[in-house]
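Only one structure is covered here, and it is reproduced in the block below.
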Amino acid sequence: MFLDEFRSDFEKVESEIAMGPIVPAVTPEEIRSHLTSCYDFKKKMALEEVVADVENMLRTWQVQVTHPRYFGLFNPSVTLASVVAETLVAMYNPQLANWRTSPAGNEIEKHTLNWLIAKFGLPVNASATFTSGGSEANLSAVVVALTHAFPAFGEHGLRHLAALPMIYVTAEAHHSFNKIAHMTGLGRRALRTVATDSSLKLDMADLKRCVAEDRNNGFAPFMVVGAAGTTAAGAIDPLLEIGRFCREENLWFHVDAAWGGAAIISEKLRHHLTGIDTADSITCDAHKWLSVPMGAGMFFCRHPEAVAQAFRAEVSYMPKKTDRSVDDPYTTSAQWSRRFIGLKLFLALAQHGESGYVEMIEHQTQMGQVLRESLKSSGWRIINTTPFPLICFTREGLDTTQFLTALREQQIAWMSEASLNGTPVLRACITSFKTTEADIRWVVGEMNRLIDEGIGQCTSTQELLIPAQARNG
Ligand SMILES: *Cc1c(COP(=O)(O)O)cnc(C)c1O
């Protein structure tokens with residue numbers, strides 16, 4: 004690897020992105036006509052030329068999620084180490100489906116995952132694999148839980164079961180569970196929506212009521228999903244209580260900590276995840292708060308034998324395992340051909356050390372607090388409650404859609420919108436370790452300027468400004 008050149012290129016690109024626009028203004032036609040006119044794949048092109056053009060497209064025709072003022076949907080800034088790792092992986096193209104084809108890759112992943120197994124407080128023999136993302140990790144959880152609860156499921160499928168299996172989630176749970184219920188054949192109605200309290204956390208009394216009611220009605224409850232940082236509002240469900248209830252009721256407890264799970268490495272933050280060590284399985288994404296490029300999810304499971312049962316595979320072209328101390332990932336996950344996903348986390352962790360990572364996570368949490376305080380002090384109303392750097396907010400008479408459009412068009416910041424208990428809100432998440440206090444103060448200042456200019460103000464004033472014929476037309 005030409006690390007020196009790579010480093011200076013990386014730093015140059017990084018600073019150019021930070022100076023440039025965050026949000027593109029482009030139409031599908033514009034991109035399509037460029038592609039059609041330049042790339043018929045008939046004439047050969049110089050690699051330099053294509054790379055330069057692709058880089059230009061990526062600079063101008065996408066949301067820059069690694070920009071310090073991208074306050075978006077958990078997509079992180081990336082470190083040099085993690086980008087170098089991606090290049091090494093592509094270069095050597097290791098196949099991690101089985102152990103013997105890449106002993107190095109397999110053991111590096113295992114070593115890295117063991118670090119988090121210990122942090123989460125799972126047993127040392129817990130099963131762990133890298134996944135494409137949190138959606139695959141959640142899918143793995145449902146398949147393993149189903150197989151564990153209903154031994155006939157694997158051979159005979161759902162139709163063999165006497166009662167319909169049910170999963171308990173809140174309305175704030177990630178949408179992947181709806182697709183998973185569909186894909187596994189459970190059906191989307193197998194998701195039972197449990198009520199949330201005023202801070203959008205799962206309501207234990209309602210969970211108990213739902214499970215009891217379903218049992219009475221002949222359904223077969225088998226799994227409860229607790230979120231450790233919901234996608235919209237960062238809410239953390241009462242993990243300890245859910246864990247206790249699941250043990251009493253013999254239900255599988257899955258914690259979806261796709262984003263928030265990373266907080267486990269911080270002594271200051273880990274108490275917010277109390278009870279996660281009682282989970283049967285955990286989803287955590289390295290490509291969210293652990294700041295490596297997509298895709299890098301992780302699936303952890305306390306019961307290796309249940310994982311082995313769910314993903315067992317006998318293949319004529321693979322030898323039987325001879326060394327009992329090694330696992331072949333194709334028998335413990337949904338994937339066959341497997342990319343060396345874990346190297347980017349390993350390399351970044353080795354370079355920055357655990358302390359570097361803790362610093363990064365605590366810095367982002369602190370920046371979240373700065374944003375929260377500075378919004379509050381200029382008249383914005385904070386709607387959500389979370390210790391993590393995710394702020395949902397609004398103010399009297401705000402048209403959130405219109406306001407967000409202005410925020411993006413003027414390249415002030417990228418934020419998203421969410422709806423909490425039916426209230427439309429602006430949602431800002433500190434997803435970049437590069438975001439500084441100065442960035443935040445500048446963004447809030449600009450937002451206040453927009454408000455002073457009357458942008459995104461309530462519709463009643465707008466109606467007065469719209470000429471009659473425009474309203475009728
Ligand atoms: C992002 C997210 C997921 C999905 O993870 P992907 O890596 O995007 O597939 C699942 N659950 C939660 C809570 C998330 O925030």
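Quick note on our numbering: the sequence shown kicks off at 4 and runs consecutively.
The beta-carbon is built from N, C-alpha and C at its ideal position, and this holds for glycine as well.
Predicted model only: the values in this text are computed from it and were never measured.
Item, Value
"To the nearest angstrom, how far is the alpha carbon of His306 from that of Asp331?", "16 angstroms"
"Run through DSSP, which three-state label would Ala131 get?", "strand"
"What residues in its chain sit with their C-beta under 7 angstroms from that of Leu468, if we drop five residues either side in the sequence?", "Any reading at Leu468 needs caution, since the residue's pLDDT is 46, under 50, leaving its predicted position unreliable; the model's value is listed next. Within the same chain, Leu468 has no close Cβ partners at all."
"Buried or exposed, going by whether 16 or more other CB atoms sit within 10 Å of the CB of Asp12?", "exposed"
"Taking Cβ positions, are Gly425 and Leu393 nearer each other than 8 angstroms?", "no"
"Taking only beta-carbon positions, decide if Leu189 is within less than 8 angstroms of chain C.", "Within the model displayed, chain C is absent; a lone protein chain is all it includes."
"Examine the Cβ distances between the segment 263-273 and the segment 285-296 and report whether three or more of them are shorter than 8 angstroms.", "yes"
"Specify the secondary structure class of Gln472 as computed by DSSP and reduced to three states.", "Reliability of the predicted coordinates at Gln472 is poor, the pLDDT of 41 falling under 50, and the value obtained from them is presented with this limitation in mind. The answer is helix: DSSP assigns Gln472 an H, G or I state."
"Just confirm the distance between the C-beta atoms of Ser319 and Phe302, as a whole number of angstroms; I'd bet it's less than 8 angstroms.", "The pair is not a contact, with the Cβ atoms about 27 angstroms apart (cut-off 8 angstroms)."
"Please indicate yes or no: does the CB of Ala236 lie closer than 7 angstroms to some heavy atom of ligand 1?", "no"
"Taking all protein chains shown into account, do 16 or more other C-beta atoms lie within 10 angstroms of the C-beta of Ser422, making it buried, or fewer, making it exposed?", "exposed"
"From what residue to what residue does the beta strand (DSSP E) around His257 run?", "255-259"
"Leaving aside the five residues before and after Glu139 along the sequence, list all residues of the same chain whose C-beta is less than 7 angstroms from its C-beta, in chain order.", "Gly300, Ala337"
"Following the continuous alpha helix (DSSP H) through Arg62, name the residue where it begins and the one where it ends.", "50-63"
"In whole angstroms, what is the alpha-carbon distance linking Thr368 and Cys395?", "15 angstroms"
"Apart from the five residues on each side of it in sequence, which residues of its chain come closer than 7 angstroms, Cβ to Cβ, to Ala166?", "Gly221, Phe222, Ala223"
"Could you tell me if the beta carbon of His37 falls within a distance shorter than 7 angstroms of some heavy atom in ligand 1?", "no"
"Using 7 angstroms as the cut-off, classify the Cβ of Gly232 as near or not near the heavy atoms of ligand 1, replying yes or no.", "yes"
"Using C-beta distances below 7 angstroms, list every residue in its chain close to Thr334, excluding the 5 sequence neighbours before and after it, in chain order.", "Ala311, Phe314, Arg315, Ala316"
"Using a Cβ distance threshold of 8 angstroms, determine whether the segment 403-418 contacts the segment 444-458, with at least three qualifying pairs required.", "yes"
"Put Phe44 into one of helix, strand or coil per three-state DSSP.", "coil"
"What is the rounded straight-line gap between the Cα of Leu6 and the Cα of Ala351?", "14 angstroms"
"Could you spell out the range, first to last residue, of the beta strand (DSSP E) harbouring Tyr171?", "168-173"
"Pull up the distance between the alpha-carbon of Thr104 and that of Thr150, whole angstroms please.", "29 angstroms"
"Since I believe Ala236 is in contact with Leu272 (beta carbons under 8 angstroms), could you give me their beta-carbon distance rounded to a whole number of angstroms?", "With 8 angstroms as the limit, Leu272 and Ala236 do not qualify as a contact, their Cβ atoms being about 17 angstroms apart."
"Is it buried or exposed, Pro470, if we count other Cβ atoms within 10 angstroms and call 16 or more buried?", "Per-residue confidence for Pro470 stands at a pLDDT of 41, beneath the threshold of 50, marking its modelled position as unreliable; the derived number appears in the next sentence. Exposed is the call here."
"Restricting to runs no shorter than 3 residues, where is the beta strand (DSSP E) found entirely within the segment 290-370?", "300-304"
"On the CB-based measure, 16 or more other CB atoms within 10 Å of its CB, does Ile20 come out buried or exposed?", "buried"
"Can you tell me where the alpha helix (DSSP H) with Ala84 in it begins and where it stops?", "83-95"
"Suppose you measure from the CA of Gly23 to the CA of Thr388; what does that come to, to the nearest Å?", "33 angstroms"
"Taking only three categories from DSSP, how would you classify Ala418?", "Residue 418 is actually Met in this sequence, not Ala. Residue state, collapsed to three classes: coil."
"Pick helix, strand or coil for Asp442, following the three-state DSSP scheme.", "helix"
"Any heavy atom of ligand 1 closer than 7 angstroms to the Cβ of Phe303?", "no"
"Between the segment 146-163 and the segment 172-179, do three or more beta carbon pairs fall short of 8 angstroms?", "no"
"Quick check on Pro24: does DSSP put it in helix, strand or coil?", "coil"
"What span of residues does the beta strand (DSSP E) with Thr426 cover, start to end?", "426-432"
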